[in-house]
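All the letters of the sequence shown, read from the start, carry residue numbers 1 to 229 under full-length UniProt numbering.
Worksheet for the structure shown next.
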Amino acid sequence: MLHLLIRDWNAGVVSSSLALVFSHRTRHQQLRGVQVRASWCWRWWWWWCVVVVGCFTLVPGAAALSLDSPHMNGRCEPVTIPMCLDMRYNMTRMPNLVGHFNQKDAAIQVHEFIPLVQFGCSRLLKFFLCSLYAPMCTEMVDETLIITACRSMCLEVKSKCEPILQRFNFPWPSMLACEKLPEKSDPRNNLCMEAPPVTDEPEFDAGNRILFFCSPPPHPTPHPSVPYD
């Protein structure tokens with residue numbers, strides 16, 4: 001009987017040891033999976049920045065902002081750019097402020113910003129981009145008036161989103177130069193849209209935010225009796 005008890009005790013010890021080893025191995029595999037996924041996400045973000053900045057510099061007609069003639073002839077047209085359909089206005093006018101002569105071309109380029117919009121560096125980013133790629137248009141007696149974002153909105157968005165681009169050694173795009181936009185009290189009487197009342201998200205570390213979005217779903221917490229590294 002004593003022999004059988006010793007044999008069962010040894011078997012229990014071996015079984016517990018194997019369970020502990022496999023628990024350690026599973027934990028290390030999970031950690032390695034997170035590291036590989038994080039590495040892949042950093043590479044994805046780097047290539048995304050390359051594509052976006054490449055579009056800024058290579059797409060014909062993508063020039064810097066110009067407000068030399070906000071009063072234009074012609075008529076306003078309904079906004080058709082998908083990302084801008086839920087703006088507070090629904091009429092725009094082409095060409096826009098970044099050199100596109102139709103909304104189809106404007107939509108192709110502005111949609112390159114969707115990952116950055118979803119990333120959430122600034123809640124004003126979407127509104128700001130739409131005010132440039134599909135600026136608000138209002139018809140007057142004998143002309144149409146283009147209304148874009150005020151410079152203060154641009155500066156606020158830039159202060160939040162430029163650090164994300166800088167992490168990948170990319171500058172703020174010249175086509176989004178804030179100094180080209182009018183101030184609220186512009187002496188040329190250029191109207192502009194101020195930032196809508198929103199509460200920006202709290203400060204966060206971009207690296208942690210990327211890992212948060214790219215990490216796999218959380219695994220069940222190990223039992224307290226099973227230690228892990």
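For every residue, glycine included, the Cβ atom is placed at its ideal position computed from N, Cα and C.
Decide yes or no for the touch test of the stretch 97-117 against the stretch 77-84: beta carbon pairs closer than 8 Å, at least 3 of them.
yes
When the cut-off is 9 Å and only beta carbons count, does L176 lie next to chain C?
Note that chain C does not occur in the displayed structure, where there is just one protein chain.
Which of the three DSSP states is assigned to A134 in this structure?
Here residue 134 corresponds to residue number 134 of the sequence shown, with the count starting at 1. Note: A134 maps to coil in three-state DSSP.
Just the C-alpha distance for E162 and S174, rounded to the nearest angstrom, thanks.
What you label residue 162 is simply residue 162 of the sequence shown in a count that begins at 1. What you label residue 174 is simply residue 174 of the sequence shown in a count that begins at 1. Whole-angstrom Cα-Cα distance: 12 Å.
Assign V98 to buried or exposed, taking buried as 16 or more other Cβ atoms, counted over all protein chains shown, within 10 Å of its Cβ.
Within the sequence shown, numbered from 1, the residue matching residue 98 stands at position 98. Buried: at least 16 other Cβ atoms inside 10 Å.
Can you give me the C-alpha to C-alpha distance between R151 and K126, rounded to a whole angstrom?
In the sequence shown, the residue the question calls residue 151 occupies position 151. In the sequence shown, the residue the question calls residue 126 occupies position 126. Those two C-alpha atoms are separated by around 15 Å.
With a threshold of 16 other CB atoms inside 10 Å of the CB of L129, please say whether the residue is buried or exposed.
Locating residue 129 in the sequence shown gives position 129, where the first residue counts as 1. Under this definition L129 is a buried residue.
How is the alpha helix (DSSP H) around I146 delimited, first residue to last?
For the purposes of this step, residue 146 is taken as the residue at position 146 of the sequence shown. Looking at the DSSP string, I146 is not in any alpha helix (DSSP H); the run it does join, the beta strand (DSSP E), is T144 to A149.
E139 - partner residues in DSSP beta bridges
Start at 1 with the first residue of the sequence shown, and residue 139 comes out as number 139. In the DSSP output, where bridge partners are listed per residue, E139 has T144.
Am I right that L124 and M153 are in contact with their C-beta atoms under 8 Å? What's the rounded C-beta distance?
Translated into positions along the sequence shown, residue 124 becomes position 124. Translated into positions along the sequence shown, residue 153 becomes position 153. That pair is a contact at about 6 Å.
Tell me which residue opens and which closes the alpha helix (DSSP H) that K180 is part of.
As a first step, residue 180 must be located in the sequence shown, where it is residue number 180. No alpha helix (DSSP H) holds K180; DSSP gives it neither H nor E.
The alpha helix (DSSP H) that contains V110, what's its start and end?
By 1-based counting over the sequence shown, the position of residue 110 is 110. Q103 to V110 is the extent of the alpha helix (DSSP H) around V110.
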